[in-house]
Structure formats: C-alpha cells, structure tokens
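These notes concern the structure reproduced below.
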Amino acid sequence: MTAKVVTITSGKGGVGKTTAVANLATALAADGKKVVCIDGDIGLRNLDIVLGLENRIVYDVVDVIEGRCRLRQAMIRDKHFEQLFLIPAAQTRDKNAVSPSDMVRVCDELRPDHDFILIDSPAGIERGFRNSIAAADKVLVVTNPEVSAVRDADRVVGILEAEEKYAPALILNRLNPAMVKSHDMLSAADVLDLLAIQLIGIVPEDESVIVGSNRGAPVALEPKSRAGQAFRNIAKRLQGQEVPFLDLDKQDGLWGRLQRLTGGRK
Amino acid sequence: MNATSSTVQIKGLRDSLLVALTGETWEENQSALLTQIDERASFFQGARLVLDIGTQALGVDEMVQLRDLLSERGISLWAVLSESPKTEKTAQLLGLATRLSNKPRVEEKRPSAEPVGEDAALFLSKTLRSGTRIEYPGNVVIFGDVNPGAEVVAEGNVIVWGRVRGVIHAGAKGNRQAIICALDLSATQLRIADEVSATLKPQKNPRPEVASINKDGRLQAELWQPG
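What follows is the structure, encoded as structure tokens:
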C-alpha cells in the first residue's frame, strides 16, 4: 500500500478548503480507505474543529517535526471511522516552523500504511502553501463562483503549472443554481472557461455544511445532504471511479419554488 | 579569502540581503552560496534574500530547487534580479519579485515617432494566468488567453490569439503607433504609450478587435475588418 498525497488549496481564504478536506477524508474513510489528514495551517488550525476532534489534541505536526513525539502519537483517531486519522497543526507556532522537506518526510513515513493523505493548505501563496504542496501527488484547487475567488484560484493554478509536477483539478464549492439561473452568480461554465483545468466536482450551496462544521460532523456522513453527496462523489473520483456529475437542476426546481414562496427572485 | 567568497557578494539592504552571484556556471554559484550560508548560518537565519544572478538563464526546476534549499535553511527567497528574460520569466511564474522597488527603473519615457520594427517579437504559446507579468522590449504575440490579473507590457505591438481579460500595455516606452489586437478584447485595461482606456465590456459574441490611438489622440478599439 502506498498512499496518494492530495493537497487541497485555493489561494483565497474562506472558500471551503478545510470543509472539503474534512468531508473528503470522511467520505474516503466511509469507502473503507485508510486516510490521514494533515492540517497545514500552522498557527490558525481548524481542521480539528470541523472533524470534531479538538479536545483530543495532545501533540501536533510541529512536535513530530521537531522530534518531541513519534508520528503515531500525533495521529488522532476519528470519532466515526477506525481508519481515519488527523495530524493537527500547532496553534502556537507559525508557518516557518515547518519546511517543505519536513512535509515530504512526514508524508513518506505515512505513505506505506495508508491509502490517502489529505493535506489542508492555508490560504495564500507563501510558505504555508509551499509546505502543503511539497509532497503532493495531486492538488485540488477549491474555488467559489465569485470573481475574487476565481482570480486567486487562477494565480494558484499558474504557480502549480509553472512547477510542472502537479496537475491541478478543480472543486467548485457553494454553487447556488438559482442564482446562476438568474445571472447573479458565475456558472460552472464561466469558471471553467477561465481556469481551463480538469473539474473534479461541483458542490452546491447547502446550509447543512455549516451546521456540520460547527458540530464537528461532516455532511459527507448525511445520506440526504446534496453537498454531502457531491463530496462523496469527489471521493469516488479520487479513487479513480467514473461518477456522473450531480444534476443540479433538480435542486434548482426546489430552490426556485422556495424562493418564489419567500418572495425572492425567480 | 577563498574562491567562494569572491563568487558571492553580499550587501545589506533596508529589509533584506542582496546577494550577487558572479560565478561562471549555475552549479558553481549555487554551491558557493550554500557554502557561505552554511558557514554563517546565524547571520543568514530568517533573512529575506534578493539574488542577483546577472545573465544566467534559470529554468523552473533550478529555481524551485534553490528556493527549497534556502527555505530548509530558514531563508526566504524574495526576489531574483537578472538580465536574462528566461530567468525573469521563471521568477515571475514562481511569484518572486524581479526588481527592487527602491531601485529606480532604468527605462525612461522617451516618445518616439518611428513605427515599431518587425525585428524582435516574443512568442508565447500558453495562457497567462493571474499574477503573471510579461515585459518585453519588442512585439509580443500570445497564442492563448490573457486572464484577469495578468499583465503584458511591450514596447511594440501586442497580438493575442485568444481572449484578453487582463491588462495590456503596448508601446510602453511612448510609441503611439503601437497597436493591440485580439480575438476578444474584453480587457480590464488597455494602454498604448501613455493613453489609458477604461474597462471594455465583455461581449456576448466576441469579434476580433484592433485597438490603436486615433486621429484625436484617444485610445480606441475597432472591429477588425478583413481585407
């Protein structure tokens, strides 16, 4: 077994990187894969919160790198899945506590015993981003259908392409089909037209995502959530399966009806 | 003093270290620099480095390798100064600065009336993404798009076989005869010499357009008429 290292990044902050990591990790684990996620956002950690593991942290990734504990000791087992682990970020240090080669070393140590290593990159294109992509076999770029988020994603894709060893794929997060229909939001086609990279998934806007993040229970666990379904599909695609994209128009009918009922736009 | 210290010249700047590398080959430069750093680790620790590598042409692999080697030593590579366009392009692609802000630009505005020569052109066969800046002292031809957030600055004409949604500056040193043409000219800003145009609206059905300075001295884009 040799793990695939997948880094989730975005450029702009707040587009849903951490949520994506938590949900993909959960979905992969639900498919029986052995998964480790590493929080690369040293100093501003929150993957532990989204996974609901905050109160179990003893050691973090900086402790591992600086030799204060063994790798096993820093791996926190998930509440739902035996085979899902989190290596948290240090909250009291900054990005310079880790170097790109440290990340490569940690990932190499994890590779033999796992199927997937997911790395949650911090926002930005500086040190923390460099650390997070250093070991990556695959990079997923998360963006929202907003001009500013797409602009930053474009920058990140440019940097990744310049290094020639990553083929980035796109997750379009928080798409609201009703707003796209009324021309108030960029459509998936608009975003793809600009970025021109492979699309690995579209996640519709869904309030249950926020509820799940706050509760520490990713929506990928909820069979009825559309966002959860979208994340489960992305996890399948990461495993090399062909899964058709969600029919967002079905949701659209409901959305449209709800919005008409509440007096919103058609 | 040994050979390595003459290859590597260090100068303190206000907020960074300027290191000039004068060795013959890149291998020589890199190993001399790393030797210097390892010998004086505490001096370099946490430094922001500006590298001046003269005329050497560096590719992405070499620069990434150097950046990683430096970052392992607690040094961040901030800028790469070079006279080689290839190196500059590489640095720009990696998001590094390519000139120091307190170093005044050598170019000065010198309006010239002569039409742009047909000699030098830079041909790029790729899409320029946000954050990329291309500067060239001649014509620039791009087979691909210029995305929002990207900039092209040419002393001559700029021709884009694709969509323009970033910033284009043709005739950057004052040539008012320069033109900009593109299959779809929905640029955020166009400049020719010292004329600036406001935002052009994205079109539903884009048609090829040519922008130039008209008789009234204003920058204007017109549909391209074949023949």
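In order, the protein sequences belong to chains A and B.
Each residue of the first sequence is one higher than the one before, starting from 25 at the first, in the numbering used here.
Each residue of the second sequence is one higher than the one before, starting from 89 at the first, in the numbering used here.
Beta carbons are placed, not taken as given, at the ideal position from N, Cα and C, and that holds for glycine.
**Prompt:** Is the distance from the Cβ of B/A209 to the Cβ of B/N235 below 8 Å?
**Reply:** For the purposes of this step, residue 209 of chain B is taken as residue 121 along the second sequence, with counting starting at 1. For the purposes of this step, residue 235 of chain B is taken as residue 147 along the second sequence, with counting starting at 1. Contact flag unset, no.
**Asked** Does any residue of chain A bring its CB to less than 8 Å from the CB of B/E254?
**Response** Here residue 254 of chain B refers to the residue found at position 166 of the second sequence. With the sequence shown as reference, residue 254 of chain B is identified as Gly, and Glu is not the correct amino acid for it. Output row for B/G254: interface = no.
**Request:** Count the other C-beta atoms from every protein chain shown that fall within 10 angstroms of the C-beta of A/V171, then say buried if there are 16 or more, exposed otherwise.
**Result:** In the first sequence, counting from the first residue as 1, residue 171 of chain A sits at position 147. Counting Cβ neighbours within 10 Å, A/V171 comes out exposed, since fewer than 16 surround it.
**Item:** Buried versus exposed, by CB contacts within 10 Å (16 or more), B/R102
**Value:** Your numbering for residue 102 of chain B matches position 14 in the second sequence. B/R102 is exposed by the Cβ-count criterion.
**Asked** Across which residues does DSSP place A/P228 in a beta bridge pair?
**Response** In the first sequence, counting from the first residue as 1, residue 228 of chain A sits at position 204. Bridge partners of A/P228: A/L199.
**Message:** Please state the DSSP three-state secondary structure of A/V60.
**Reply:** Indexing the first sequence from 1 puts residue 60 of chain A at position 36. Looking at A/V60 - three-state DSSP - the assignment turns out to be strand.
**Asked** B/L182 touches chain C at which residues, Cβ-Cβ below 9 Å?
**Response** No chain C appears in the structure shown, which is made up of the protein chains A and B.
**Request:** Determine which residues share a DSSP beta bridge with B/Y317 and list them.
**Result:** Residue 317 of chain B lies beyond the range of chain B shown here (89 to 315); nothing can be said about it.
**Request:** Indicate whether the contact test is met: 3 or more Cβ pairs, each with one atom in the stretch 205-220 of chain A and one in the stretch 261-276 of chain B, closer than 8 Å.
**Result:** Segments in contact, no.
**Request:** Anything in chain B within Cβ reach of A/I149, meaning under 9 Å, just list it in chain order.
**Result:** Here the question's residue 149 of chain A lines up with position 125 in the first sequence. What A/I149 touches in chain B: G183, G219.
**Item:** For B/E297: DSSP bridge partner residues
**Value:** Here residue 297 of chain B is taken as the residue at index 209 of the second sequence, counted from 1. DSSP lists B/A270, B/L311 as partners of B/E297.
**Message:** Which same chain residues end up closer than 8 Å to A/M99 when comparing Cβ atoms and leaving out the 5 residues on each side of it in sequence?
**Reply:** Here residue 99 of chain A corresponds to residue number 75 of the first sequence, with the count starting at 1. Within the same chain, A/M99 has close Cβ partners V60, F109, L110, I111.
**Prompt:** If you compare alpha carbons, which of A/T26, A/I32, A/R175 is closest to A/V166?
**Reply:** Position 142 of the first sequence, counted from the first residue, corresponds to residue 166 of chain A. It is A/I32.
**Message:** Classify A/F140: buried if its beta carbon has 16 or more other beta carbons within 10 angstroms, exposed otherwise.
**Reply:** Stepping through the first sequence from its first residue, residue 140 of chain A is reached at position 116. Under this definition A/F140 is a buried residue.
**Request:** Identify, in the order they occur along the chain, each residue of the same chain with its Cβ nearer than 6 Å to the Cβ of A/G40, setting aside the five sequence neighbours on each side.
**Result:** For the purposes of this step, residue 40 of chain A is taken as the residue at position 16 of the first sequence. For A/G40, where only same-chain residues beyond five positions count, the Cβ hits under 6 Å are V166, N197.
**Message:** Quick check: the Cα distance between B/G142 and B/A299, rounded to an integer number of angstroms?
**Reply:** As a first step, residue 142 of chain B is located in the second sequence; it is residue number 54 there, counting from the start. As a first step, residue 299 of chain B is located in the second sequence; it is residue number 211 there, counting from the start. Looking at the two C-alpha atoms, the distance is approximately 36 Å.
**Request:** Return the residue from the list A/V243, A/D144, A/N155 that minimises the CA-CA distance to A/R129.
**Result:** Numbered from its first residue, the first sequence carries residue 129 of chain A at position 105. Measuring from the Cα of A/R129, the nearest candidate turns out to be A/N155.
**Request:** Consult DSSP for B/F132 and reduce its assignment to one of helix, strand or coil.
**Result:** Translated into positions along the second sequence, residue 132 of chain B becomes position 44. DSSP places B/F132 in helix when its eight states are reduced to three.
**Asked** So B/V255 is in the beta strand (DSSP E); what residue range does that whole segment cover?
**Response** If you number the second sequence from 1, residue 255 of chain B lands on position 167. Element bounds for B/V255: 255-258.
**Prompt:** Excluding the five sequence neighbours on either side, which residues of its own chain have a C-beta within less than 7 Å of the C-beta of A/I66, listed in chain order?
**Reply:** By one-based count along the first sequence, residue 66 of chain A stands at place 42. Excluding positions up to five away in sequence, the list reads V86, A113, A114, R117, D118, K119, A121, V122, G152.
**Message:** So if DSSP puts B/V140 in a beta bridge, which residue, or which two residues, is it bridged to?
**Reply:** Sequence index remark: in the second sequence, residue 140 of chain B carries index 52 (1-based). One point to set straight first is that residue 140 of chain B is Asp, not Val, in the sequence displayed. According to DSSP, B/D140 bridges with B/A108, B/L169.
**Request:** Taking B/E176 as the query, report the chain A residues whose CB atoms sit under 7 Å from its CB, ordered along the chain.
**Result:** Stepping through the second sequence from its first residue, residue 176 of chain B is reached at position 88. Residues of chain A passing the Cβ test: none, with the nearest at roughly 13 Å.
**Message:** With a threshold of 7 Å on Cβ separation, who are the neighbours of B/A201 within its own chain once the five nearest residues in sequence on each side are excluded?
**Reply:** One-based indexing of the second sequence puts residue 201 of chain B at position 113. Because B/A201 carries a pLDDT of 42, less than 50, the predicted location of this residue cannot be relied on, and the following value inherits that uncertainty. Answer for B/A201: no residue qualifies.
**Message:** Taking 8 Å as the threshold (C-beta atoms), are A/I226 and A/L270 in contact?
**Reply:** Taking the first sequence and counting its residues from 1, the one referred to as residue 270 of chain A is at position 246. Taking the first sequence and counting its residues from 1, the one referred to as residue 226 of chain A is at position 202. For A/L270 and A/I226, yes; Cβs fall inside 8 Å.
**A/Q97 (DSSP reduced to helix, strand or coil)** = Counting from 1 along the first sequence, the entry for residue 97 of chain A is found at position 73. Residue state, collapsed to three classes: helix.
**Request:** Using a threshold of 8 Å, state whether the C-beta atoms of B/L139 and B/L157 are closer than that.
**Result:** Sequence index remark: in the second sequence, residue 139 of chain B carries index 51 (1-based). Sequence index remark: in the second sequence, residue 157 of chain B carries index 69 (1-based). No, the Cβ-Cβ distance between B/L139 and B/L157 is not below 8 Å.
**Prompt:** Which partner residues of A/F153 appear in the DSSP bridge assignment?
**Reply:** For the purposes of this step, residue 153 of chain A is identified with residue 129 of the first sequence, where counting begins at 1. For A/F153, which the question treats as bridged, DSSP gives no partner whatsoever.
**Prompt:** Is B/R193 helix, strand or coil by DSSP?
**Reply:** Numbered from 1 along the second sequence, position 105 holds the residue referred to as residue 193 of chain B. Below a pLDDT of 50, predicted positions are generally treated as unreliable, and B/R193, at 38, falls in that range; no measurement from the model is reported.
**Asked** If you count every other CB in all the chains shown that lies within 10 Å of the CB of A/D217, and 16 or more means buried, which is it?
**Response** For this step, residue 217 of chain A is matched to residue 193 along the first sequence. Exposed: under 16 other Cβ atoms inside 10 Å.
**Request:** Would you tell me roughly how many angstroms separate the C-alpha atoms of A/A147 and A/G35, rounded to the nearest one?
**Result:** Position 123 of the first sequence, counting from 1, holds the residue named residue 147 of chain A. Position 11 of the first sequence, counting from 1, holds the residue named residue 35 of chain A. Cα to Cα, A/A147 sits roughly 5 Å from A/G35.
**Prompt:** Which two residues bound the contiguous alpha helix (DSSP H) that contains B/L146?
**Reply:** In the second sequence, the residue the question calls residue 146 of chain B occupies position 58. Segment: none, B/L146 is in no alpha helix (DSSP H) and carries neither H nor E.
**Asked** Among A/K58, A/A46, A/V45, which one has its Cα closest to the Cα of A/M25?
**Response** Residue mapping note: residue 25 of chain A aligns to position 1 of the first sequence, counting from 1. Among A/K58, A/A46, A/V45, the Cα nearest to that of A/M25 is on A/K58.
**Asked** From B/R155, B/L122, B/G250, B/A120, pick the residue whose C-alpha is nearest to that of B/S213; which is it?
**Response** Here residue 213 of chain B refers to the residue found at position 125 when the second sequence is read from its first residue. Selected option, being the one with the closest Cα: B/G250.
**Request:** Count the other C-beta atoms from every protein chain shown that fall within 10 angstroms of the C-beta of B/G219, then say buried if there are 16 or more, exposed otherwise.
**Result:** Against the second sequence, residue 219 of chain B aligns to sequence position 131. Looking at its Cβ environment, which holds 16 or more other Cβ atoms inside 10 Å, B/G219 is buried.
**Prompt:** Which stretch, first to last residue, makes up the alpha helix (DSSP H) that contains A/T43?
**Reply:** By 1-based counting over the first sequence, the position of residue 43 of chain A is 19. In the DSSP assignment, A/T43 falls within the alpha helix (DSSP H) that extends over 41-54.
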